[in-house]
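Q: The letter at position 67 of the sequence shown is residue 1142 when you use this note's numbering, and the numbering goes up by one with no holes.
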Amino acid sequence: MTVRRRRKVNDMQQKVIIRNEVVKIKGRVKVIHIKKDVFDKFLQLKKFKILNKEYEALVPPLDNLQKNTIDVNGLATLVNDYISNARFGVTSSLNVPPAQMVLTTSGGTTTLSYNSNIKSNSQGVTLFMQVFQENNSYTFQYYYVGFDTTNSSYTTSQIELYVSAGSGSTLYSYTDLVRIAYTNLTFTKTSDSFLFIVWLIEFQNIPSYLVPFTPIFSNNSVIYPYGFISVTLYFNNNDCNFTCGGNCPSSNLNGFITYVQNNSVILEFLFGASLGTGVSSVNVLLCTNQKYNNAFNIGGNISAIISPPVSGSIFYVAFATVTITFQVS
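#1: Would G1221 and L1252 be called neighbours here (beta carbons separated by less than 7 Å)?
#2: Quick one: measure Cβ to Cβ for A1240 and D1146, integer angstroms, because I've assumed they're closer than 8 Å.
#3: Look up I1399 in the DSSP assignment and give the residues it is bridged to.
#4: In three-state terms, what does DSSP make of N1311?
#5: Please report the residue range of the alpha helix (DSSP H) in which L1150 lies.
#6: Output yes or no for whether 7 Å exceeds the beta carbon distance between F1317 and I1100.
#7: L1236: buried (16+ other C-beta within 10 angstroms of its C-beta) or exposed?
#8: Could you work out which residue in T1307, L1270 and N1337 is closest to K1194 when comparing CA atoms only?
#9: Within its chain, find whatever has a CB closer than 7 Å to the CB of I1158; leave out the 5 residues flanking it on each side and keep chain order.
#10: Report the residue from K1142, V1097 and P1290 whose alpha carbon sits nearest the alpha carbon of L1275.
#11: Which of the three DSSP states is assigned to V1200 in this structure?
#12: Taking only the alpha-carbon atoms, compute the straight-line gap between E1209 and K1366 and give it to the nearest angstrom.
#13: Assign K1101 to one of three DSSP states: helix, strand, or coil.
#14: So what's K1128 in DSSP terms, helix, strand or just coil?
#15: For L1178, which residues does DSSP report across the bridge?
#16: Could you tell me whether the Cβ atoms of T1258 and S1232 are closer together than 7 Å?
#17: Where does P1287 sit, in a helix, a strand or coil, going by DSSP?
#18: When burial is assigned at 16 or more other CB atoms within 10 Å of the CB, is S1266 buried or exposed?
#19: Output yes or no for whether 7 Å exceeds the beta carbon distance between V1286 and Y1213.
#20: For the putative contact between L1120 and E1131, defined by C-beta atoms under 8 Å, what is the C-beta separation to the nearest angstrom?
#21: Run the CB neighbour count on L1373, radius 10 Å, all protein chains shown included, and call it buried at 16 or more, exposed below.
#22: Relative to the C-alpha of N1312, which candidate in G1321, Y1301, N1329 and V1357 has its C-alpha closest?
#23: Nearest CA to the CA of P1282: which residue from F1310, L1140, F1215 and S1404?
#24: Would the beta-carbon of T1230 fall within 7 Å of that of T1263?
#25: Going straight from the alpha carbon of S1404 to that of S1326, what length do you get?
#26: Please say whether Y1219 and A1151 have beta carbons closer to each other than 7 Å?
#27: In whole angstroms, give me the CA-to-CA distance for T1250 and L1360.
#28: Opposite F1331 in the DSSP bridges: which residues?
Rendered as structure tokens:
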């Protein structure tokens, strides 16, 4: 979190780095060909975990994935649209498929669209979500499994992954489909083989207070944000109850900016509040919370101390800029 303070309108602002949190985004992919006659033995029963809940699914082997390219501009669009709706209720699209894979072939393109189950003689993309918590940090994983079990044949040179995120409004409202990752791979699917594409998108090491700002991709588990993100920044004027929900001077999140810098997506939120007179020091406390359609609630808080203002000022106005970096790897 980056905090700035100002003691008078004409005074120079001072920027103080309080805590530099970085959420890492990782993408991995692999392509699998199998003969049709081994299909029944190919899929494996795997357990997936969402915090303290487990579920099982038949999936291809999920190991030995190779690095792909995360589309940082697509990620920025997805983050921007998700927070616009999850915080401010900006209208999202309706009935958007959760995912697509677009394969560039010698004859044009082949599109695999969302299908909740892997079936014979069909094409589609299904996906499986996992959420882990370790201490006060979270990891969100999304395994996208593209499949073509038809008699089609083609040669592919590139694969692109398009995803959407739950909007925070209703079960059927999503962000638009956005390209999140791509990879250049040349392979041939023959009419006597089945094709599987396993793609992992992972958000790593998310502190609890940043989870509400992390997009929840549309998923088979039907987990989506329920209601709007709760965000409040409190300023301690030494004459208030300095806790989440207390009576300190406070500011809600009224706007934000999103931009791309050095292969990362940067979010910045500006808060400000009047502190009155006689302030000798300024502490700030950021409190967040988000509900996820009765599956779980995640939120937290982080505090920081601003150096005491120079004595002699008559009225204090504090400004704080919260910066979140989604770093692509």
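Using N, Cα and C, we set each Cβ at its ideal position, and we do this for glycine too. All values derive from a computational prediction rather than experimental measurement.
A: Result, derived from the coordinates:
#1: For the purposes of this step, residue 1221 is taken as the residue at position 146 of the sequence shown. For the purposes of this step, residue 1252 is taken as the residue at position 177 of the sequence shown. Not a contact, by the Cβ cut-off of 7 Å.
#2: Sequence index remark: in the sequence shown, residue 1240 carries index 165 (1-based). Sequence index remark: in the sequence shown, residue 1146 carries index 71 (1-based). Not confirmed; about 14 Å, so no contact.
#3: Within the sequence shown, numbered from 1, the residue matching residue 1399 stands at position 324. Paired residues: L1342.
#4: Counting from 1 along the sequence shown, the entry for residue 1311 is found at position 236. Strand.
#5: Position 75 of the sequence shown, counting from 1, holds the residue named residue 1150. Element bounds for L1150: V1147 to F1163.
#6: Position 242 of the sequence shown, counted from the start, is the residue given in the question as residue 1317. Position 25 of the sequence shown, counted from the start, is the residue given in the question as residue 1100. Taking 7 Å as the Cβ cut-off, F1317 and I1100 do not qualify as a contacting pair.
#7: Locating residue 1236 in the sequence shown gives position 161, where the first residue counts as 1. So L1236 counts as buried.
#8: Stepping through the sequence shown from its first residue, residue 1194 is reached at position 119. Looking at the Cα atoms, L1270 is the closest of the given residues.
#9: Against the sequence shown, residue 1158 aligns to sequence position 83. These residues qualify, in order along the chain: F1288 and F1331.
#10: Start at 1 with the first residue of the sequence shown, and residue 1275 comes out as number 200. Nearest of K1142, V1097 and P1290 to L1275, Cα basis: K1142.
#11: Within the sequence shown, residue 1200 is the residue found at index 125, counting from 1. Strand.
#12: Taking the sequence shown and counting its residues from 1, one reaches residue 1209 at position 134. Taking the sequence shown and counting its residues from 1, one reaches residue 1366 at position 291. C-alpha separation (whole angstroms): 19 Å.
#13: Within the sequence shown, numbered from 1, the residue matching residue 1101 stands at position 26. Note: K1101 maps to strand in three-state DSSP.
#14: Position 53 of the sequence shown holds residue 1128. If DSSP states are grouped into helix, strand and coil, K1128 belongs with the strands.
#15: Locating residue 1178 in the sequence shown gives position 103, counting from the first residue. Answer by DSSP bridge pairing, in chain order: T1185 and I1234.
#16: The residue you call residue 1258 lines up with position 183 of the sequence shown. The residue you call residue 1232 lines up with position 157 of the sequence shown. No. Outside cutoff.
#17: Here the question's residue 1287 lines up with position 212 in the sequence shown. Correct three-state label for P1287: helix.
#18: Numbered from its first residue, the sequence shown carries residue 1266 at position 191. So S1266 ends up on the exposed side.
#19: One-based indexing of the sequence shown puts residue 1286 at position 211. One-based indexing of the sequence shown puts residue 1213 at position 138. Taking 7 Å as the Cβ cut-off, V1286 and Y1213 qualify as a contacting pair.
#20: On the sequence shown, residue 1120 is found 45 positions in, with the first residue counted as 1. On the sequence shown, residue 1131 is found 56 positions in, with the first residue counted as 1. So it is a contact: roughly 6 Å between Cβ atoms.
#21: Translated into positions along the sequence shown, residue 1373 becomes position 298. The displayed chain sequence assigns Ile, not Leu, to residue 1373. When all chains shown are included, I1373 counts as buried.
#22: Translated into the one-based positions of the sequence shown, residue 1312 becomes position 237. Checked all of G1321, Y1301, N1329 and V1357; the closest Cα to N1312 is V1357.
#23: By 1-based counting over the sequence shown, the position of residue 1282 is 207. Minimum Cα distance to P1282 is reached at F1215.
#24: Within the sequence shown, the letter at position 155 stands for residue 1230. Within the sequence shown, the letter at position 188 stands for residue 1263. Contact: yes.
#25: Position 329 of the sequence shown holds residue 1404. Position 251 of the sequence shown holds residue 1326. Spanning the two alpha carbons is a distance of roughly 34 Å.
#26: On the sequence shown, position 76 is the one that residue 1151 refers to. On the sequence shown, position 144 is the one that residue 1219 refers to. No, Cβ-Cβ distance for A1151 and Y1219 is not below 7 Å.
#27: Sequence index remark: in the sequence shown, residue 1250 carries index 175 (1-based). Sequence index remark: in the sequence shown, residue 1360 carries index 285 (1-based). Computed Cα separation, rounded: 30 Å.
#28: In the sequence shown, residue 1331 corresponds to position 256, counting from 1. BP columns for F1331 point to F1344.
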